[in-house]
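Residue numbers (this note's numbering), protein chains in the order written: chain A, 26 to 513; chain B, 26 to 513.
What follows is the structure in structure tokens.
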């Protein structure tokens with residue numbers, strides 16, 4: 026998951042979280058309330074098969090096995106790296122192993138590559154300390170040791186308030202905004218705190234450079250107090266503005282620095298980043314399809330992003346998405362009858378650095394975008410779904426609501442707004458008019474691990490992954506079988 | 026806290042933990058049950074003053090401020106390092122600032138020093154991965170890259186079962202024992218799982234070397250699944266056995282390695298440690314005393330260890346001990362009347378590498394050990410006390426029990442066994458006959474952070490530190506005022 030689309034998400038109602046928790050050990054509980062299926066909308070046969078598939082999926086460890094395979098056999102896979110090349114091979118082999126009958130790649134050219142290198146930092150005075158730091162994605166290096174006094178700004182806005190010119194000459198700007206201390210407004214999600222944090226991560230290096238700073242460091246954008254720095258991408262450098270190094274420090278290191286500053290003495294930091302922007306790289310979107318029994322010109326799209334950041338093994342971001350989408354489609358493919366419509370799983374390249382893969386996909390599929398009849402993406406970890414929200418034509422809303430009744434027993438609420446725009450990459454297709462569904466997830470610990478070395482397989486909760494996969498499999502099975510134009 | 030004394034601790038009764046939790050926000054709640062003070066044992070004046078001191082301490086942030094000062098102004102302070110030299114200065118200055126009227130150091134000569142250097146490791150095949158590793162204390166380095174096949178042993182005992190000789194020639198032994206998976210026997214503490222884990226950490230390098238291994242790695246001894254390796258000390262090398270490098274990998278890395286192994290292919294690891302054993306170093310025990318109004322030849326000992334491991338800032342191990350003991354004594358010293366007996370705070374050097382400082386202290390104080398009339402140590406983090414257990418002469422038990430009643434309102438239970446031997450360093454004095462008290466602490470997350478970079482100030486819970494300090498101040502105030510020989 027990268028910077029975008031998180032400032033305005035809806036806050037999860039507490040009752041829903043509670044309900045999901047209560048249902049935690051009651052997979053397959055009977056629907057309650059007005060959840061009787063209207064068989065004039067969904068036939069008995071389709072509804073019965075959907076329940077069968079849901080119950081099978083809840084008992085099937087396939088999604089967990091896939092994320093274990095991905096994180097063990099491939100691991101980190103930042104776009105353009107060797108891991109990225111390995112995951113392109115792994116994905117195709119895995120699609121074939123799972124019974125997808127059409128598997129292919131679509132090339133994505135990356136205008137620039139990047140080497141992370143090493144990040145070392147220490148406070149020289151008033152008290153010597155090593156500092157845990159990591160380069161932000163596509164930062165330039167420091168070209169040797171960079172020494173400067175730290176100047177704290179509570180937010181990007183505070184940094185912007187400093188006059189442009191050389192007021193920060195010789196200094197290192199330090200933006201100390203803390204996502205952990207963010208208090209959502211009514212109606213806002215905790216994710217909004219992530220959006221605020223990514224402002225300095227995304228543009229801080231340009232704003233600081235315009236004020237003469239030698240470098241910028243930010244407090245990691247995350248919710249944990251582990252001593253890891255969270256990496257993430259900026260929006261790139263700007264012509265005619267000096268390219269300065271940009272890095273994140275861990276929350277405990279940010280607190281340490283602030284505690285030193287309270288003593289009133291100037292803080293001198295030495296930092297050394299050996300990061301380097303390199304030449305163009307090739308990558309690819311990887312696509313697996315289970316061809317429908319009525320041909321392949323009309324398909325449902327299940328998406329995730331195949332790239333990850335490079336310090337963990339990308340289990341929650343977005344191994345969980347890759348695995349649940351592959352598994353949901355594979356489980357539909359294993360039903361007694363081939364699905365009516367095709368199921369296409371698209372693993373997008375380069376989401377983390379700004380929707381590279383999906384933008385190429387949009388260009389390449391300009392002519393057949395109308396054949397993408399419904400899409401969704403998982404890019405919020407391996408947690409359970411708490412709310413299903415549609416983003417479809419008005420006539421289709423009652424149909425999706427009827428389909429929803431089949432996953433309501435999983436403790437999932439109905440998001441009654443029909444304003445879904447699609448998660449992560451799939452929002453690009455959603456904005457271009459493709460009908461979408463948003464399966465909002467419980468992501469309590471997501472920003473504890475996100476973009477750190479700590480994003481590893483052991484953070485996956487197997488039962489949650491099975492619930493997640495079952496929800497997608499159930500809904501997309503019905504969408505494949507029913508003769509509905511979700512645009513209408 | 027180092028390896029010893031943790032295999033046989035008593036399991037905390039759940040009811041006690043619950044009780045402490047309920048009392049969390051009721052500092053100064055009225056005693057309940059049969060907690061009426063017998064004023065033939067404790068005078069009204071002493072009891073009233075003890076309550077006053079307890080209530081003051083619960084509201085006083087002094088211990089938190091001290092651990093903030095220590096972790097910010099000094100930070101890591103492994104014995105023999107620059108941080109150790111800084112903490113010797115810091116401790117003396119802090120004692121004086123807090124009003125201790127006698128402050129001195131007692132030299133501790135260390136026969137060997139150690140440079141941690143860097144630890145890098147990667148799996149070369151079957152799947153390339155970086156591995157998070159840290160050298161165990163006083164390990165030799167690898168002298169360049171060391172490449173070998175990993176051979177897993179579930180425990181030190183399994184490694185010992187391999188015949189001595191060259192059966193592990195060319196191999197790296199991997200002991201995968203997991204403290205997280207340890208299930209205590211009835212009556213055993215979770216700490217017993219730590220004791221089991223330290224077997225391989227303490228002696229694994231000798232056992233593996235006798236079987237021809239080139240190096241040994243262990244799964245970190247800890248309860249977390251963060252991607253940190255937990256360092257810690259071994260018991261040293263043995264004459265006539267090859268000195269091989271010894272390191273720990275993080276829990277997620279151990280799981281990754283085990284998952285690779287399940288696939289049946291040999292695992293090749295490359296590791297590079299630049300650790301180095303160096304020459305002798307000087308350190309010191311640091312002592313601060315508040316002289317009693319009846320002279321200084323009769324004193325109570327509050328102890329902690331001043332050294333820490335070198336990757337975190339030593340907040341919980343044992344900054345919390347240093348701070349709570351300094352603060353408890355200082356708060357007693359701030360009472361309206363100077364205490365009758367002297368209060369001596371001893372900050373021991375080199376606990377982490379095997380009770381270096383306390384052993385020197387014992388030699389230096391052979392003649393006046395009888396003047397140490399009661400002692401205790403904090404070396405279990407900054408958590409609250411759940412049980413007070415005495416280790417005193419039989420006649421003194423009712424007196425300690427009466428004193429206990431004054432801290433019972435803090436949610437503390439009475440350990441009815443009189444078999445305390447003293448925590449950590451102070452057990453050495455306890456074993457030599459000094460009466461001791463054990464203040465057992467809630468340590469739920471202690472082994473999550475212990476010996477990792479993650480042991481930082483933000484892990485301190487201020488309210489818990491105030492409770493901890495209040496319990497010690499209250500008990501030791503009474504012990505200072507009362508005319509009791511705790512040996513009898």
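Glycine included, C-beta positions come from ideal geometry on N, C-alpha and C.
These figures come from a predicted structure and were not determined experimentally.
- Judged by DSSP secondary structure, residue 436 of chain A falls outside any alpha helix (DSSP H); it is assigned neither H nor E.
- Spatial neighbours of residue 115 of chain B in its own chain (CB-CB distance under 8 Å, excluding positions within 5 residues in sequence) are listed in chain order as 94, 95, 98, 99.
- Residue pairing from DSSP places residue 369 of chain A in a beta bridge opposite A:314, A:326.
- The C-alpha of residue 326 of chain A lies about 11 Å from the C-alpha of residue 497 of chain A.
- Secondary structure within the stretch 150-224 of chain B: the beta strand (DSSP E) runs of 3 or more consecutive residues, fully enclosed, are 154-156, 158-160, 171-178, 196-200 (chain order).
- Comparing alpha carbon positions, the residue from B:144, B:63, B:482, B:432 closest to residue 162 of chain B is B:144.
- The contact set of residue 158 of chain A on chain B, defined by CB atoms closer than 9 Å, is empty, because the minimum CB distance reaches about 12 Å.
- At least one beta carbon of chain A lies nearer than 8 Å to the beta carbon of residue 281 of chain B.
- The beta carbon of residue 100 of chain A falls within 8 Å of a beta carbon belonging to chain B, placing the residue at that interface.
- As summarised for the stretch 68-136 of chain B, the continuous beta strand (DSSP E) elements at least 3 residues long and confined to that stretch are 127-135, given in chain order.
- Listed along chain B, the residues sitting closer than 7 Å to residue 93 of chain A by beta-carbon distance are 284.
- Ranked by Cα distance from residue 288 of chain B, the options A:487, A:90, A:454, A:469 are led by A:90.
- Assignment of residue 274 of chain B by DSSP, reduced to helix, strand and coil, places it in the strand class.
- The straight-line gap separating the alpha-carbon atoms of residue 278 of chain A and residue 245 of chain A is approximately 10 Å.
- Remark: C-beta atoms of residue 193 of chain A and residue 236 of chain A approach each other more closely than 8 Å.
- Here residue 459 of chain A has 397, 400 as same chain residues with Cβ atoms under 6 Å from its own Cβ, once five neighbours each way along the sequence are excluded.
- For residue 478 of chain A, a Cβ of chain B is located within less than 8 Å of the residue's own Cβ.
- Neighbours of residue 154 of chain B in chain A, taken as residues at a C-beta separation under 7 Å, are given in chain order as 100.
- Under the three-pair Cβ rule at 8 Å, the stretch 106-122 of chain B does not count as touching the stretch 290-298 of chain B.
- Taking C-beta atoms as the reference points, residue 200 of chain A and residue 184 of chain A count as a pair closer than 8 Å.
- One finds 152, 281, 284, 285 in chain B with Cβ atoms closer than 7 Å to the Cβ of residue 97 of chain A, taken in chain order.
- Within 7 Å of the CB of residue 85 of chain A, no CB atom of chain B is found; the nearest one sits about 19 Å away.
- Bounds of the beta strand (DSSP E) holding residue 463 of chain B are 461-466.
- Between the stretch 109-128 of chain B and the stretch 297-317 of chain B, the count of Cβ pairs shorter than 8 Å is three or higher; the stretches touch.
- Per the C-alpha coordinates, the member of A:157, A:135, A:250 positioned closest to residue 383 of chain A is A:135.
- Under DSSP, residue 397 of chain B takes part in a beta bridge, and its partners are B:324.
- Residues of the same chain with a CB within less than 6 Å of the CB of residue 67 of chain B, apart from the 5 flanking positions on each side, are 427 in chain order.
- Taking 7 Å as the upper bound on Cβ-Cβ separation, chain A lies near residues 250, 251, 252 of the stretch 240-268 of chain B.
- For residue 500 of chain B, the three-state secondary structure derived from DSSP is helix.
- Taking a C-beta distance under 8 Å as the contact criterion, residue 476 of chain A and residue 343 of chain A do not qualify as a contact pair.
- Under the 10 Å beta carbon count, residue 425 of chain B is surrounded by 16 or more other beta carbons and is classified as buried.
- For residue 240 of chain B, the enclosing beta strand (DSSP E) begins and ends at 240-244.
- Nearest to residue 373 of chain B by alpha-carbon distance, out of B:360, B:346, B:461, B:367, is B:346.
- Residue pairing by DSSP places residue 303 of chain A opposite A:138 in a beta bridge.
- Within the stretch 450-481 of chain A, the residues whose Cβ lies closer than 7 Å to some Cβ of chain B are 478, 479, 481, listed in chain order.
- Judged by DSSP secondary structure, residue 294 of chain B falls within the beta strand (DSSP E) whose first and last residues are 293-298.
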